[in-house]
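Numbering (the working numbering), first residue to last: 58 to 351.
Glycine residues also receive a C-beta, built at the ideal position from the N, C-alpha and C atoms.
Since the structure is predicted, the reported quantities are computational estimates derived from the model, not experimental observations.
Shown next as structure tokens:
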């Protein structure tokens, strides 16, 4: 009887072990899949939490998001393109005067006519080295070859404003209205083709305008400009020292004076001394881009 009891206990033990082994084997893959599913859910929850955290941080500190937008902005958006507010205006006697309280009074304006002949680029480099601005008034007949077009483009790229001085330097008082318009508008078209913008200043040859040339300049959006004084076309001042002396020591020099010079060898040679002399007298060279043109 005892033998039978022991035998049954042994059989039951074997069956129990076999059943546990079967359950363990069949449950393995299911547990693995369940574990993978749980891991995926945990990962997704973690990602969602991270995203929420980033969104919350941007909401808390909008400056970071704005800074990011600036850093990732397209290059086409460029720097601040807002127009510079004018600080000076041209007077009836062709000098400039401040129209803003913060604008300096003791300034002078430099202008160079008949460019780009032979020395305009040299003069532009001198002014650039001296950190002095100027308007280069150009003639169209100097721009009829590619070399001179490149010179004009370089001058513009160096930061100098380009003005219209007519195509052929023809005396407008002796020209028909059709000729006057052609002298002005044809040059504006050419300048725009070279530098990508039309001039904002117009100076007639010899300073002689007509009612019609004034009308055309206005239609073209240009400010009429003559000058306060200039000397480099007079034979006695076709010399570096003589020209530098008169440009700085003339009695016509004063606040807002509009200085006329030309693309000439002696003027190019005297230019550095002229700028230095003006500054020694307490005058600053005004940026023509600050002059009101409309």
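query, result
"Residue 267 in three-state terms, based on DSSP", "coil"
"Rounded Cβ spacing between residue 283 and residue 164 (contact assumed at less than 8 Å)", "Between residue 164 and residue 283 the Cβ distance is about 18 Å, and since that is not below 8 Å, they are no contact."
"At least 3 beta-carbon pairs within less than 8 Å: the segment 296-307 vs the segment 147-161", "no"
"Closest residue to residue 256 among 232, 156 and 278 (Cα-Cα distance)", "278"
"Which listed residue (190, 260 and 142) has its alpha carbon closest to that of residue 159", "142"
"Which residues DSSP lists as bridging residue 146, in chain order", "154"
"Cross-strand partners of residue 164 (DSSP beta bridge)", "341"
"Delimiting residues of the alpha helix (DSSP H) encompassing residue 279", "Element bounds for residue 279: n/a, residue is neither H nor E."
"Where residue 245 falls: helix, strand or coil (DSSP)", "helix"
"Endpoints, the alpha helix (DSSP H) within which residue 180 is located", "177-186"
"Residue 318 (DSSP reduced to helix, strand or coil)", "strand"
"Candidates 286, 348, 171 and 213: closest to residue 254 by CA position", "213"
"Beta carbon of residue 328 nearer than 9 Å to that of residue 287", "no"
"Residue 334 to residue 340 span [Cα, whole Å]", "9 Å"
"Spatial distance of residue 209 from residue 343 (CA atoms)", "21 Å"
"Cβ neighbour criterion (16 or more within 10 Å) applied to residue 291", "exposed"
"Closer than 8 Å: residue 317 CB and nearest the ligand FMN heavy atom", "Inclusion of the ligand FMN in the displayed structure is not the case, the ligand content being empty and no account of it being possible."
"Extent of the continuous beta strand (DSSP E) to which residue 221 belongs", "218-221"
"Nearest-angstrom Cα separation, counted from residue 173 out to residue 330", "21 Å"
"Rounded Cβ spacing between residue 259 and residue 248 (contact assumed at less than 8 Å)", "About 11 Å separates the two Cβ atoms, so there is no contact after all."
"Cutoff 7 Å; reference residue 263; Cβ partners in own chain excluding five residues on either side", "228"
"Residue 199 versus 186, 178 and 188, residue with shortest Cα-Cα distance", "178"
"Where residue 170 falls: helix, strand or coil (DSSP)", "strand"
"Simplified DSSP state of residue 294, which is helix, strand or coil", "helix"
"Reduced DSSP category for residue 212 - H, G, I as helix; E, B as strand; rest coil", "helix"
"Per-residue DSSP class, three states only, for residue 348", "strand"
"Separation of residue 347 from residue 127, as counted between CA atoms", "With a pLDDT of 37 at residue 127, under the threshold of 50, the modelled position of this residue cannot be trusted, and the question is left open."
"Host beta strand (DSSP E) of residue 193 (start-end)", "192-195"
"Outcome for residue 265 when other beta-carbon atoms lying within 10 angstroms are tallied against a minimum of 16", "exposed"
"C-beta contact flag for residue 222 and residue 194 at 9 Å", "yes"
"Residue 180, buried or exposed, once every other Cβ within 10 Å from all chains shown has been counted against 16", "buried"
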